Structure formats: C-alpha cells, structure tokens
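Mind the numbering: the sequence shown is residues 1 to 138 in the UniProt record's numbering, read in order. A virtual CB, placed ideally from N, CA and C, is assigned to each residue, including glycine. The structure displayed is predicted, hence computed values, not measured ones.
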Amino acid sequence: MLITLPPDYRPSDDEAFMNPRQLAYFRQKLLRWRQELLREAGETLSSMGQGGIIEADLSDRASVETDRALELRTRDRARKLISKIDQALERVDNGTYGYCEETGEPIGLRRLEARPIATLSIEAQERHERMERVHRDD
C-alpha cells in the first residue's frame, strides 16, 4: 500500500504509534539518508580515482595522505551506517520498526527522529551503556 505524505507531515504523539503514515515517513527518511550516503561514497571514489598523489613536498604529501586516510575511515563508517539503515528498513517491512528489541516497548518518536536506526528505547540504551562501563572497568 503506497501512502502519499504531505510535505510538511511530521509524526505526532496524537496519532497511533507506527501507523501506516508514520511507517511511510520513517521509510522515506531512511531511504533519503541511505541515498545521501551512497552519493557521498560515489564522490569519494571518483575523487580518489583521479590519480595518485603528485605532491613533491613531503609535508604536502603527508597532508594529502592523512586526508585520504580520514576520508576512507569516514566511508567505512558510512558503509556500516548503510547496513544499519538496511536493517531498519527490514524492520519497517516486518512491522517491528519503532519498538525496542529488548523490551518490545515503543522507542518514541523523538528518539526515532533523532536516530532513525535506533533499536533500543532510551532506558534500554542507558542500561546497555551502564553494563558496558561496568564490564570495561573490570
């Protein structure tokens, strides 16, 4: 079922949680985000494919190499983020999007707006982070 959303639509607490309009909204948001990341990755590949480093000065060459290494790390992070976006889109399709993987409770619209790939409610995420700190300190 294809749902057309008005351009100014924003999910609201006044409507049923994860109703078809909200699901369509978050699907569009995730798809736009994914498309932007892929576009940026394409630009990176294009710029890196334009030949080797031709800087004669060693400090300029080092600077260019550092910039490239940073760009590659950024692209690797984007690749991992695309995978999480794909997983979120699967949750939209199977009806589990917007619900905490640990508790099954709604994650909350504000959290999903800020982090559309969230899989845990704020409370579950805080518990998870506390447990990580406790185990890291051991």
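Asked	Found
CB of residue 102 within 8 angstroms of CB of residue 88, strictly	no
Length of the line joining the Cα atoms of residue 57 and residue 107	53 angstroms
Reference residue 22, options 43, 92, 42, closest by Cα	92
Nearest residue (CA-CA) to residue 71, options 41, 94, 29, 83	41
Buried versus exposed, by CB contacts within 10 Å (16 or more), residue 6	exposed
CB-CB length for residue 20 against residue 109, believed under 8 angstroms	Between residue 109 and residue 20 the Cβ distance is about 15 angstroms, and since that is not below 8 angstroms, they are no contact.
Contact with chain D by residue 7, beta-carbon distance below 8 angstroms	Annotation note: the requested chain D is absent from the structure, which comprises a single protein chain.
Coarse secondary structure for residue 99, derived from DSSP in three states	strand
DSSP state of residue 106 mapped onto helix, strand, coil	strand
Where residue 26 sits in the DSSP three-state scheme	helix
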